[in-house]
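The sequence shown begins at 2 in our numbering and counts up one residue at a time.
A virtual CB, placed ideally from N, CA and C, is assigned to each residue, including glycine.
These notes concern the structure reproduced below.
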Amino acid sequence: MEAKVSKWGNSLGIRIPQWIAEQADISDGSIIEIDFKDKAILIKKKELSLEEMLNSITPENQHKEASTGSKVGGEAW
2 MEAKVSKWGN
12 SLGIRIPQWI
22 AEQADISDGS
32 IIEIDFKDKA
42 ILIKKKELSL
52 EEMLNSITPE
62 NQHKEASTGS
72 KVGGEAW
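Next comes the structure, spelled out in C-alpha cells:
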C-alpha cells in the first residue's frame with residue numbers, strides 16, 4: 002500500500018487509513034512507538050504498563066461508586 006508523506010509544521014506526517022487503524026487498535030490520541038531500521042519504519046500501538054495506567058487516574062476521570070442494591074447472602078457483614 003502506498004501513502005503520501007505531507008509536511009506538518011516542522012515535521013512530516015502520513016495518514017493511516019481507517020481500516021488499518023481499526024486492525025491496529027489505534028485511534029485519535031493513541032500513543033504509538035516508532036522504530037527505524039534498515040530504511041524501514043515500524044509503527045505500533047504502545048501497550049501501557051499497569052503503573053502507567055494507574056498514574057493516569059485523576060479525580061476527574063475516576064468512576065463513581067456504583068450501587069448494585071442491597072447486600073445479600075455472604076456480602077452482608
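Practice problem: Consult DSSP for Leu49 and reduce its assignment to one of helix, strand or coil. | Solution: Counting from 1 along the sequence shown, the entry for residue 49 is found at position 48. Leu49: coil per DSSP, three-state reduction.
Quiz item: Which one or two residues does DSSP pair with Gly14 in a beta bridge?
Solution: Translated into the one-based positions of the sequence shown, residue 14 becomes position 13. Within the DSSP secondary-structure output, Gly14 pairs in a beta bridge with Ser7.
Self-check item: DSSP state of Ile21 mapped onto helix, strand, coil
Solution: Residue numbering aside, residue 21 sits at position 20 when the sequence shown is read from its first letter. Ile21 falls in the helix class under three-state DSSP.
Quiz prompt | Within 8 Å, strictly: CB atoms of Ala67 and Lys46 | solution = As a working note, residue 67 is residue 66 in the sequence shown. As a working note, residue 46 is residue 45 in the sequence shown. Not in contact: Ala67 and Lys46 (Cβ atoms no closer than 8 Å).
Quiz item: CA-CA distance, Glu34 and Ile58?
Solution: As a first step, residue 34 must be located in the sequence shown, where it is residue number 33. As a first step, residue 58 must be located in the sequence shown, where it is residue number 57. Cα-Cα distance, rounded: 22 Å.
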